[in-house]
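Engineer: Under this note's numbering, the residues of the sequence shown are numbered 263 to 653, in order.
Positions of the beta carbon are idealized from the N, C-alpha and C atoms, including for glycine.
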Amino acid sequence: MKITRIKTFPLNATRDTFVVKVETDEGIYGLGEGGMSSREFAQEAAVKAFSQFLVGMDPFRIEHIWQKCYRSNYHEGGRVLTGAISAIDIALWDIMGKKLGVPVYQLLGGACRDRVYGFRSTRAVTDPGCLAEAQAAIDEGWPCLRLGPAQPMPGWAKSLHAADPDRANMFEPRAAIAATAHHFTEIWAKLDKSIPLGIDFHHRLSVAETASFCQMLPPGSMAYLEEPIRNETPDAYAALRQMTPIPMAIGEEWSSKWQALPYIERGLTNFCRLDVCNIGGLSEARKVAGWCEAHYIDLMPHNPLGPICTAATVHLCFATNNFAWLEINPSINESSPDVYPVMLERKGPYFTLPTKPGLGVDFDELAAAKHPHSMKDMPHYHKPDGSHTNW
């Protein structure tokens, strides 16, 4: 079997996404999805560059192809390149599963469990409906919840900068952490204490702001704090570790095993938030998962994209023993059924074992053409003084 063509599809299916289709001379094709949201066209250019030497290769040589793509230039890696590699890698595992007639999780070592449970995200804790939404999710059987932090765009900011839409996206960290801590505490007090609760601050805080936030919370109330600060500097997380006992959930920004290294080896994270569409696909994700197992760290994968990303992640979770919960966003993960006429079936808070060969997802190219990429960038947040800050 040989790779004959690699097609790319930047499209909008609830949100902008990037799909890759790897075709072979036997008529078997594989589907993959790249991360790096809002940088889909950069990934497309990378895939086209890789295609120059991938066409004609044996798609079963998955590890060799991964290494060839990663090391094919003097400058290895980088999030755009590993997003592109992720899409190709996932597609190759899909091809292998289809050729051998087995679901991908069987190729990764077989099932470690019968179900893959997810966690649900709620609206902001400051929203009057947050408590009811959280309770409804618990009643539906969701074993873990992620509550939304206080909204980063208060009304006064919009009115203050009405003439400047960009600066209307305002985020004031100290106001946000105070409001989030207050409302989170009230909601936690009214929910079943056996259900773990977390907050994702989307790396919008500093070390000092994060420490202040943690100190405002009742002991034992928060099961995990997700991505409070950026991850370029592991020492910053090491400093934060000295200031709070709250478990950390880190990893969605990692683009390789090398970026994961200090967080795993130095015990800076308690839950691994790796993203199969950013870290380098299933090939790299399973290496990091094994590394985490050696350090008693459970996977809690990032899953913000479409049915292909979801399927690849579900297969990884079935084949990984050290797994906690999978991020599930139904409105995105299961979007555009015209584009994805076949996708994995979810039963409320969990997925059952996939049965179809490969990933178990199909893709309609003609339908995809009806969902053009929007070229919409992520929000650009500013502090009240006008300085740019993280989204």
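With contact counted as at least three CB pairs below 8 Å, one residue from each stretch, are the region 600-610 and the region 562-578 in contact?
Structural biologist: Segments in contact, yes.
Engineer: When you compare each of TYR336, GLY403 and GLY391 to LEU409 by their alpha carbons, which one comes out closest?
Structural biologist: Here the question's residue 409 lines up with position 147 in the sequence shown. Comparing Cα-Cα distances from LEU409 to each of TYR336, GLY403 and GLY391, the minimum goes to GLY391.
Engineer: If you draw a straight line from the alpha carbon of TYR499 to that of GLU627, how long is it in whole angstroms?
Structural biologist: By one-based count along the sequence shown, residue 499 stands at place 237. By one-based count along the sequence shown, residue 627 stands at place 365. Each residue's Cα considered, the two are about 43 Å apart.
Engineer: Quick one, which of LYS645, HIS633, ASN652 and HIS650 has its alpha-carbon nearest PHE655's?
Structural biologist: Residue 655 falls outside the range modelled here, since the chain spans only 263 to 653, and no answer is possible.
Engineer: Using DSSP with H/G/I as helix, E/B as strand and the rest coil, what is MET510?
Structural biologist: The residue labelled residue 510 in the question sits at position 248 within the sequence shown. Strand, per DSSP.
Engineer: What are the start and end residues of each continuous alpha helix (DSSP H) run of 4 or more residues lying completely inside the region 371-422, in chain order?
Structural biologist: With a minimum length of 4 residues, the continuous alpha helix (DSSP H) runs that stay inside the region 371-422 are 392-401 and 417-422.
Engineer: Buried or exposed for THR472, going by 16 or more other Cβ atoms inside 10 Å?
Structural biologist: Reading the sequence shown from its first residue, position 210 is the one you call residue 472. Label assigned to THR472: buried.
Engineer: On the DSSP bridge list, what partners appear for CYS534?
Structural biologist: As a working mapping, residue 534 is identified with position 272 in the sequence shown. Beta-bridge pairing links CYS534 to ILE512 and LEU561.
Engineer: Classify ASN595 as helix, strand or coil using the three-state DSSP reduction.
Structural biologist: Within the sequence shown, numbered from 1, the residue matching residue 595 stands at position 333. Three-state DSSP puts ASN595 in a helix.
Engineer: With H, G and I counted as helix, E and B as strand and the rest as coil, what does DSSP make of PRO435?
Structural biologist: Mapped onto the sequence shown, residue 435 falls at position 173. Here PRO435 sits in helix by DSSP.
Engineer: Quick one: what does DSSP say LEU544 is sitting in, helix, strand or coil?
Structural biologist: For the purposes of this step, residue 544 is identified with residue 282 of the sequence shown, where counting begins at 1. LEU544 falls in the helix class under three-state DSSP.
Engineer: By Cβ distance below 6 Å, which residues in the same chain neighbour SER636 in space, the five residues on each side in sequence not counted?
Structural biologist: If you number the sequence shown from 1, residue 636 lands on position 374. Cβ within range, chain order: ASN274 and ASP278.
Engineer: What does a CB cutoff of less than 6 Å around PRO509 pick up in its chain, not counting 5 residues either side in sequence?
Structural biologist: The residue given as residue 509 occupies position 247 in the sequence shown. Cβ within range, chain order: TYR486 and ASN532.
Engineer: Do VAL366 and ASP356 have their CB atoms nearer than 8 Å?
Structural biologist: Residue mapping note: residue 366 aligns to position 104 of the sequence shown, counting from 1. Residue mapping note: residue 356 aligns to position 94 of the sequence shown, counting from 1. Their beta carbons are under 8 Å apart, which means VAL366 touches ASP356 by this criterion.
Engineer: Measuring straight from C-alpha to C-alpha, what distance separates SER483 and ILE457?
Structural biologist: Walking along the sequence shown from the start, residue 483 turns up at place 221. Walking along the sequence shown from the start, residue 457 turns up at place 195. Those two C-alpha atoms are separated by around 10 Å.
Engineer: Would DSSP call TYR499 helix, strand or coil?
Structural biologist: If you number the sequence shown from 1, residue 499 lands on position 237. Helix at TYR499.
Engineer: By DSSP, does VAL366 sit in helix, in strand, or in coil?
Structural biologist: Indexing the sequence shown from 1 puts residue 366 at position 104. Helix, per DSSP.
Engineer: Please go through the same chain and pick out, in chain order, the residues whose beta-carbon is closer than 8 Å to the beta-carbon of ILE400, but skip the five residues on each side of it.
Structural biologist: By 1-based counting over the sequence shown, the position of residue 400 is 138. Answer for ILE400: LEU407, LEU453, ASP454 and ILE457, listed in chain order.
Engineer: Under three-state DSSP, which class holds LYS310?
Structural biologist: Here residue 310 refers to the residue found at position 48 of the sequence shown. Note: LYS310 maps to helix in three-state DSSP.
Engineer: What number of angstroms, rounded off, separates the C-alpha of VAL601 from the C-alpha of ALA631?
Structural biologist: Residue mapping note: residue 601 aligns to position 339 of the sequence shown, counting from 1. Residue mapping note: residue 631 aligns to position 369 of the sequence shown, counting from 1. Their backbone Cα atoms lie some 9 Å apart in a straight line.
Engineer: Going by alpha carbons, who is nearest to GLU448 out of GLN477, LEU393 and ARG492?
Structural biologist: Numbered from 1 along the sequence shown, position 186 holds the residue referred to as residue 448. For GLU448, the nearest C-alpha among the options comes from LEU393.
Engineer: Taking LEU530 as the reference, give the member of GLU589, ASN595, PRO490 and SER517 with the closest Cα.
Structural biologist: Stepping through the sequence shown from its first residue, residue 530 is reached at position 268. Taking only the C-alpha atoms, the option nearest LEU530 is PRO490.
Engineer: Below 8 Å, how does it come out for the region 372-387 and the region 330-345: are there three or more Cβ pairs, yes or no?
Structural biologist: Verdict: no, contact absent.
Engineer: Below 8 Å CB to CB, which residues in the same chain sit around SER300 once its five sequence neighbours on both sides are set aside?
Structural biologist: Here residue 300 corresponds to residue number 38 of the sequence shown, with the count starting at 1. Correct list, in chain order: ASP278, LYS638, ASP639 and MET640.
Engineer: Looking at chain D, is there any beta carbon in it that lies within less than 8 Å of the beta carbon of VAL469?
Structural biologist: Here there is only one protein chain, and chain D is not present.
Engineer: On the criterion of 16 or more Cβ atoms from any shown chain inside 10 Å, does SER593 qualify as buried, or is it exposed?
Structural biologist: The residue you call residue 593 lines up with position 331 of the sequence shown. Exposed: under 16 other Cβ atoms inside 10 Å.
Engineer: Between which two residues does the alpha helix (DSSP H) holding GLU527 run?
Structural biologist: Taking the sequence shown and counting its residues from 1, the one referred to as residue 527 is at position 265. First-last of the alpha helix (DSSP H) with GLU527: 519-527.
Engineer: As a quick exercise: from VAL282, LYS264 and THR266, pick the residue whose alpha carbon is nearest that of ASP676.
Structural biologist: This structure cannot settle anything about residue 676, because the visible part of the chain is limited to 263 through 653.
Engineer: Of the choices TRP553, ARG382, LYS310 and ARG492, whose alpha-carbon is the least far from that of ILE590?
Structural biologist: Within the sequence shown, the letter at position 328 stands for residue 590. Here the closest residue by C-alpha is ARG382.
Engineer: Applying the 10 Å Cβ sphere with the 16-neighbour rule, what's the burial state of ASP537?
Structural biologist: Translated into positions along the sequence shown, residue 537 becomes position 275. Buried, by the Cβ-count rule.
Engineer: Judging by CA-CA distance, which residue of TYR643, SER597, ILE268 and ASP320 is the nearest neighbour of GLU306?
Structural biologist: Counted from its first residue, the sequence shown places residue 306 at position 44. Considering only alpha carbons, the answer is ILE268.
Engineer: Based on DSSP bridge pairs, tell me the residues matched to ILE327.
Structural biologist: Residue mapping note: residue 327 aligns to position 65 of the sequence shown, counting from 1. Per DSSP, none; premise fails for ILE327.
Engineer: For the beta strand (DSSP E) holding ALA733, just list the boundary residues, first then last.
Structural biologist: With the chain covering only 263 through 653, there is no way to say anything about residue 733.
Engineer: Helix, strand or coil for ASP278? Go by DSSP, reduced to three states.
Structural biologist: Sequence index remark: in the sequence shown, residue 278 carries index 16 (1-based). It is a strand residue.
Engineer: Only counting the same chain, and skipping five residues up and downstream in sequence, which positions put a Cβ closer than 6 Å to that of GLY296?
Structural biologist: For the purposes of this step, residue 296 is taken as residue 34 along the sequence shown, with counting starting at 1. Closer than 6 Å at the Cβ level, and outside the excluded window around GLY296, lie PHE280, GLN305, GLY345, ALA346, SER348, ALA349 and CYS539.
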